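These notes concern the structure reproduced below.
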Amino acid sequence: GAGIGAAAGLGVKAFKVVLDLLLDLLWETLPRLFESAGWKSEAAFSLCNYTWILGSLLGFLVGGLSGPLLLSRPGAVPTMGVWIRGLHSDAGAPAAGPQGRYLASGALVPWA
């Protein structure tokens, strides 16, 4: 009812506030601090390198944490094989893989 909607709305608002604060820190506050510390855009290793350095560090962090977190719960994340078998189960979808071979006329000849 209304309580669930209100809780979801507060959760979304909290997520947005945290996200805005982190984005402001990473893309406005830290570059200004680096610039005031002497890391200028005119330097040999300029401030524009901040983008790929930060992207690499955050990517390493996400990749390094996602493996242990996801692998700590077996079955929490389906593998590609599990997903494909579920997709092509007896629920009405065709089986995975070729069902036969096609002739030059376009007719399908089932496997023997």
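Here the sequence shown is numbered in the numbering used here, starting from -6 and rising by one per residue.
Glycine is no exception: its CB is placed at the ideal position from the N, C-alpha and C atoms.
Here the structure is a predicted model, which means the values were calculated and not measured.
Where residue 101 is concerned, the enclosing beta strand (DSSP E) starts and stops at 101 to 103.
Inclusion of residue 24 and residue 40 in the CB contact set at 8 angstroms is warranted, their separation being smaller than that value. Taking residue -6 as the centre and dropping the five residues before and after it, the same chain places no C-beta closer than 6 angstroms to its C-beta. Residue 47 is a Cβ neighbour of residue 19, given a cutoff of 8 angstroms.
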